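Following: one structure in structure tokens, then a few remarks.
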Amino acid sequence: MGKVCVRGFAVSADGFGAGPDQSLEHPLGKGGPELMRWFFPTRAFRSMIGQEGGTDDRFAEAGMKGFGAFILGRNMFGPIRGEWPDDAWKGWWGDNPPYHAPTFILTHHARAPIEMEGGTTFHFVTGGIEAALAQAKAAAGDLDVKVGGGVSTVRQYLLAGAIDEMHLAVSPIVLGRGEHLFAGIDLPSLGYRVTETVPTELATHIVLTR
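If you want it as structure tokens, here you go:
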């Protein structure tokens, strides 16, 4: 059985994983793209958008590799709220999303699975975080499951004690407002400790394990 991981999750120096006022125009909230400045120059990101070159970064490379399934909150899938108006929206990523594995979307509104190019199938789970995790583990087999976000989804799985390992990229910016990752969460009492710290110019990489 693989692990349940968070990897490549960017937060600001003041602990926000997304800026305020998320929308179609600002999927990470206002100021949110600044969190990802460490990731954009990397070879891993550039290959995701069909470009060559880029810098080598082991944290960026590990962010999408070795996973047998993914779990995403509905906000990570798109900006639509409430009932699905139709089947037109199929995610932020075009016809070939970067997941290439079964991907389980937490939602309160049922929708048929969507098969995309490259091996990604989006499954919409209305039974809560435990149901999504059970389905993801079954799909992943011996491989790891990645909880991809957003902030609310990561918080729920942290509080449930379901995350085995978490890699954070702490960006040297402050947002002041938005979605705070750790507000009200006592990580030591949940069994988490820092096991690796790697400072770089654009982010300080911190790995937490339990």
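Residue 122 in our numbering sits at position 122 of the sequence shown; the count goes up by one each step and never skips.
Even for Gly, the Cβ is constructed at its ideal location relative to N, Cα and C.
These numbers were taken from a predicted model, which means no experiment stands behind them.
With a 10 Å radius around its C-beta and 16 neighbouring C-beta atoms as the bar for buried, classify residue i as buried or exposed.
i	result
S12	buried
I129	buried
R193	exposed
D56	exposed
V174	exposed
A101	buried
Measure the beta-carbon distance from residue i to residue j and round it to whole angstroms, keeping in mind my assumption that it falls under 8 Å.
i	j	result
R155	L181	7 Å
G150	A18	6 Å
A132	L106	6 Å
L143	F59	Their Cβ separation, rounded to whole angstroms, is 19 Å, which puts L143 and F59 out of contact at 8 Å.
A44	A169	Not really, about 12 Å apart at Cβ, beyond 8 Å.
Quick check: the Cα distance between residue i and residue j, rounded to an integer number of angstroms?
i	j	result
A112	F124	7 Å
A110	T126	6 Å
P79	K65	26 Å
E115	D87	12 Å
P20	R81	16 Å
T42	D186	33 Å
T200	M36	13 Å
W29	A134	This sequence places Gly at residue 29; Trp is not what is there. When rounded, the distance between both Cα atoms is 30 Å.
Which residue comes first and which comes last in the beta strand (DSSP E) that contains residue i?
i	result
A10	V4 to S12
L208	T204 to T209
E211	Given that the chain is displayed from residue 1 to residue 210, the structure contains no residue 211 and the question cannot be resolved.
A18	F16 to A18
H123	T121 to V125
Which first and last residues belong to the alpha helix (DSSP H) in which residue i is found?
i	result
L106	Segment P102 to L106 is the beta strand (DSSP E) holding L106; no alpha helix (DSSP H) there.
E25	That residue, E25, is in no alpha helix (DSSP H); it is neither H nor E in DSSP.
E130	I129 to A140
List in chain order: all unbroken alpha helix (DSSP H) runs of 4+ residues lying wholly within the stretch 145-183. 151-159
Inside the stretch 31-95 only - alpha helix (DSSP H) runs reaching at least 4 residues: 43-48, 58-62 and 74-77
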